[in-house]
Amino acid sequence: IPVPLEDSHEFTEKDLQFAERYLRNHYDLRPNPAGIMRKSANTVASKLREMQAFFGLEVTGKLDEETYELMQKPRCGVPDVGE
Amino acid sequence: YNFFPRKLKWSKTNLTYRIMNYTSDLRRAEVDRAFKKAFKVWSDVTPLNFTRIRSGIADIMISFGTKEHGDFYPFDGPSGLLAHAFPPGPDYGGDAHFDDDEAWSDDSRGYNLFLVAAHEFGHSLGLEHSRDPGALMFPIYTYTGKTGFVLPDDDVQGIQELYVKMLQLKTERVCTHFSFHRSFFNVDKSANIYLNEIVLFFWRLHPQMVEAELVLLKSFWPELPNKIDAAYENPIKDLVFMFKGKKVWALNGYDIVEDFPKKIYEMGFPKEMKRIDAAVHIKDTGKTLFFTGNKYWSYDEEAEVMEAGYPRLIEEEFAGIGDHVDAVYERNGYLYFFNGPLQFEYSIWSKRIVRVLHTNSIFWC
Chain A
400 IPVPLEDSHE
410 FTEKDLQFAE
420 RYLRNHYDLR
430 PNPAGIMRKS
440 ANTVASKLRE
450 MQAFFGLEVT
460 GKLDEETYEL
470 MQKPRCGVPD
480 VGE
Chain B
632 YNFFPRKLKW
642 SKTNLTYRIM
652 NYTSDLRRAE
662 VDRAFKKAFK
672 VWSDVTPLNF
682 TRIRSGIADI
692 MISFGTKEHG
702 DFYPFDGPSG
712 LLAHAFPPGP
722 DYGGDAHFDD
732 DEAWSDDSRG
742 YNLFLVAAHE
752 FGHSLGLEHS
762 RDPGALMFPI
772 YTYTGKTGFV
782 LPDDDVQGIQ
792 ELYVKMLQLK
802 TERVCTHFSF
812 HRSFFNVDKS
822 ANIYLNEIVL
832 FFWRLHPQMV
842 EAELVLLKSF
852 WPELPNKIDA
862 AYENPIKDLV
872 FMFKGKKVWA
882 LNGYDIVEDF
892 PKKIYEMGFP
902 KEMKRIDAAV
912 HIKDTGKTLF
922 FTGNKYWSYD
932 EEAEVMEAGY
942 PRLIEEEFAG
952 IGDHVDAVYE
962 RNGYLYFFNG
972 PLQFEYSIWS
982 KRIVRVLHTN
992 SIFWC
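These protein sequences, in sequence, are chains A and B.
Residues 400 to 482, numbered by our numbering, are exactly what the first sequence covers, in order.
Residues 632 to 996, numbered by our numbering, are exactly what the second sequence covers, in order.
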């Protein structure tokens with residue numbers, strides 16, 4: 400799962416799966432046409448940027464601690480971007 | 632605030648909802664109350680009306696479910712996703728689903744059902760998530776305390792862009808429509824406010840504004856009832872008085888004056904008086920006239936007492952305007968009485984009607 404990471408933070412495989420599911424649910428992250436498992440990293444990075452912009456976080460396109468923490472907050476299931 | 636693609640909204644203002652099932656975390660009555668209160672958040676600031684039905688298909692079908700619950704948008708167990716709702720439209724459109732793996736409450740424990748429902752119903756009406764962290768439509772759950780929920784301004788602006796502006800368009804149509812069907816339009820309360828502008832609830836006319844601006848009472852004065860019976864301005868006290876039923880509010884700009892609302896009999900009206908139809912202050916005499924049914928009273932603002940010898944019959948003093956008044960305002964020594972589709976321009980000086988106009992000529996229709 401090619402989630403661009405902030406160097407300083409250790410994320411487990413489970414964390415990355417959670418992050419990927421979050422972006423799929425709320426930012427319309429779609430499987431890359433190149434194949435089910437292979438998602439081009441820049442697709443995920445662009446979705447991370449969309450989410451970070453929506454919540455007023457620093458827009459890095461990388462999964463950092465602040466972004467991951469926000470993903471864990473209880474929320475509404477409706478996407479944050481028009482679908 | 633944000634809208635769904637194509638700015639989806641309901642094309643009608645009377646909507647129905649049905650509660651399909653209940654959570655075991657709360658008593659049924661508590662769930663009913665939470666949903667009813669959540670709908671009121673939106674009906675208070677729009678012309679929308681919500682009616683509960685207990686069978687058949689409602690516009691907004693409400694249900695509790697867990698994990699995959701039939702719409703291919705599965706919930707995820709405790710916390711995480713709390714609920715979701717669909718934008719306006721047929722079938723699933725407008726429906727709201729709540730994750731029953733959550734602990735629902737009517738206070739700060741677990742997740743407050745009223746708050747989450749008010750958010751979800753915002754989606755059911757056409758609002759998407761807002762980026763404003765203080766908005767109800769912000770995607771992340773925040774408990775905002777138990778007392779007196781007031782819809783944040785971001786949400787008010789969003790929902791009114793969907794459902795009040797729509798009414799504004801209707802207003803323009805009313806004008807054009809009126810030009811063909813004169814009886815279509817009447818005014819039941821008006822007041823001279825802020826000297827140069829006249830406020831007709833819900834239109835606001837200002838000399839510098841070409842268009843009549845459609846405004847909801849609630850967006851100026853959230854504590855006021857949705858609809859009022861009469862209003863007038865006392866320029867000496869620089870206050871606006873609004874009447875609904877047996878109550879009167881004094882307003883100083885956007886603020887309600889302390890100790891108000893009061894009862895109208897405290898102004899000297901008989902206790903059995905149920906409402907006031909219209910009110911107007913006449914600067915030159917310092918008196919305020921109150922119209923109810925076929926009678927009127929005169930109130931001395933300086934002495935703050937009802938004048939002796941009243942009530943009198945409207946027909947006796949203002950012959951020709953009919954036996955009741957919907958609304959009235961004063962301008963440049965003339966009283967403008969609204970009675971159904973007609974407006975009577977009455978000269979205070981010569982004590983007679985000098986012109987009969989169509990009611991919405993005030994909007995230059």
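Just so you know, even glycine gets a beta-carbon here, dropped at the ideal spot from N, CA and C.
Small disclaimer: the values here were computed from a predicted structure and weren't measured.
On the DSSP bridge assignment, give the partners of residue i in chain order.
| i | result |
| --- | --- |
| residue 688 of chain B | In DSSP, residue 688 of chain B forms no bridge with anything. |
| residue 974 of chain B | B:969 and B:988 |
| residue 946 of chain B | Answer by DSSP bridge pairing: none, since residue 946 of chain B is not bridged. |
| residue 861 of chain B | B:874 |
| residue 645 of chain B | B:680 |
| residue 634 of chain B | B:758 |
| residue 404 of chain A | A:462 |
| residue 961 of chain B | B:966 |
| residue 983 of chain B | B:978 |
| residue 650 of chain B | B:693 |
| residue 474 of chain A | B:712 and B:771 |
Going straight from the alpha carbon of residue i to that of residue j, what length do you get?
| i | j | result |
| --- | --- | --- |
| residue 451 of chain A | residue 752 of chain B | 26 Å |
| residue 912 of chain B | residue 888 of chain B | 19 Å |
| residue 694 of chain B | residue 467 of chain A | 30 Å |
| residue 700 of chain B | residue 969 of chain B | 56 Å |
| residue 807 of chain B | residue 857 of chain B | Any reading at residue 807 of chain B needs caution, since the residue's pLDDT is 41, under 50, leaving its predicted position unreliable; the model's value is listed next. When rounded, the distance between both Cα atoms is 26 Å. |
| residue 435 of chain A | residue 422 of chain A | Bear in mind that the predicted position of residue 435 of chain A carries a pLDDT of just 45, short of 50, making it unreliable; the figure below should be weighed with that in mind. Rounded to whole angstroms, residue 435 of chain A to residue 422 of chain A spans 16 Å at the Cα level. |
| residue 676 of chain B | residue 886 of chain B | 18 Å |
| residue 746 of chain B | residue 641 of chain B | 22 Å |
| residue 442 of chain A | residue 766 of chain B | 29 Å |
| residue 813 of chain B | residue 974 of chain B | Confidence at residue 813 of chain B is low in this model, with a pLDDT of 34, below 50, so the placement of that residue is unreliable and no value is reported for it. |
| residue 728 of chain B | residue 473 of chain A | 15 Å |
| residue 769 of chain B | residue 454 of chain A | 9 Å |
| residue 966 of chain B | residue 978 of chain B | 6 Å |
| residue 801 of chain B | residue 938 of chain B | Here the model assigns residue 801 of chain B a pLDDT of 49, short of 50, so the residue's position is not dependable, and the following value carries that caveat. Cα to Cα, residue 801 of chain B sits roughly 43 Å from residue 938 of chain B. |
| residue 882 of chain B | residue 903 of chain B | 25 Å |
| residue 884 of chain B | residue 872 of chain B | 11 Å |
| residue 460 of chain A | residue 404 of chain A | 9 Å |
| residue 462 of chain A | residue 413 of chain A | 14 Å |
| residue 863 of chain B | residue 915 of chain B | 15 Å |
| residue 898 of chain B | residue 985 of chain B | 32 Å |
| residue 988 of chain B | residue 860 of chain B | 22 Å |
| residue 447 of chain A | residue 756 of chain B | 28 Å |
Mind listing the chain B neighbours of residue i? Cutoff is C-beta to C-beta under 9 Å, in chain order.
| i | result |
| --- | --- |
| residue 453 of chain A | 760, 762 and 770 |
Quick one: list the residues of chain B neighbouring residue i, beta-carbon separation under 8 Å, in chain order.
| i | result |
| --- | --- |
| residue 472 of chain A | 771 and 772 |
In chain B, which residues lie with their C-beta within 7 Å of the C-beta of residue i?
| i | result |
| --- | --- |
| residue 427 of chain A | Within chain B, no residue comes near residue 427 of chain A; the closest Cβ sits about 12 Å away, beyond 7 Å. |
| residue 479 of chain A | 760 and 770 |
So which residues of chain A does residue i contact, with C-beta pairs closer than 8 Å?
| i | result |
| --- | --- |
| residue 700 of chain B | Ordered by position in chain A, no residue passes the 8 Å Cβ test against residue 700 of chain B, which lies about 11 Å from the chain. |
| residue 912 of chain B | Simply none; closest approach about 49 Å. |
| residue 714 of chain B | 475 and 476 |
| residue 932 of chain B | Those do not exist, as residue 932 of chain B stays about 52 Å from chain A at its closest Cβ, beyond 8 Å. |
Just the chain A side, please: which residues come within less than 7 Å of residue i by C-beta, in chain order?
| i | result |
| --- | --- |
| residue 653 of chain B | In chain order: nothing, as chain A lies at least about 20 Å away. |
| residue 711 of chain B | 473 |
| residue 632 of chain B | Ordered by position in chain A, no residue passes the 7 Å Cβ test against residue 632 of chain B, which lies about 13 Å from the chain. |
| residue 661 of chain B | Simply none; closest approach about 20 Å. |
| residue 704 of chain B | 476 |
| residue 750 of chain B | 475 |
Along chain A, in chain order, which residues have C-beta atoms closer than 9 Å to that of residue i?
| i | result |
| --- | --- |
| residue 742 of chain B | 473 |
| residue 583 of chain B | As shown, chain B starts at 632 and ends at 996. That puts residue 583 of chain B outside it, with no answer to give. |
| residue 754 of chain B | 475 and 477 |
Contact between the region 906 to 924 of chain B and the region 944 to 962 of chain B: three or more CB pairs below 8 Å?
Because the criterion of three Cβ pairs below 8 Å is met, the region 906 to 924 of chain B and the region 944 to 962 of chain B touch.
Would you say the region 679 to 687 of chain B touches the region 705 to 725 of chain B, given that touching needs at least three Cβ pairs under 8 Å?
No: fewer than three Cβ pairs fall under 8 Å.
Would the region 916 to 927 of chain B count as touching the region 938 to 949 of chain B if we require 3 or more Cβ pairs under 8 Å?
With the cut-off at 8 Å, the region 916 to 927 of chain B and the region 938 to 949 of chain B touch.
Could you pull out every unbroken alpha helix (DSSP H) segment of at least 4 residues lying fully inside the region 688 to 772 of chain B, listed in chain order?
Every alpha helix (DSSP H) of 4 residues or more that sits fully in the region 688 to 772 of chain B is shown, in chain order, as 744 to 756.
Every unbroken beta strand (DSSP E) inside the region 880 to 958 of chain B [3 residues or more]
Complete beta strand (DSSP E) runs here, min 3: 909 to 913, 918 to 923 and 926 to 931.
For the structure I just gave you, are there three or more beta carbon pairs, one from the region 636 to 651 of chain B and one from the region 773 to 785 of chain B, closer than 8 Å?
Counting C-beta pairs with one atom in each stretch, the region 636 to 651 of chain B and the region 773 to 785 of chain B have fewer than three that are closer than 8 Å, which means they do not touch.
Any 3 or more C-beta pairs closer than 8 Å across the region 468 to 480 of chain A and the region 759 to 770 of chain B
Yes: at least three Cβ pairs fall under 8 Å.
Are the region 657 to 673 of chain B and the region 705 to 714 of chain B in contact at 8 Å, needing three or more beta carbon pairs?
With a cut-off of 8 Å, the region 705 to 714 of chain B and the region 657 to 673 of chain B do not count as touching, because too few Cβ pairs lie within range.
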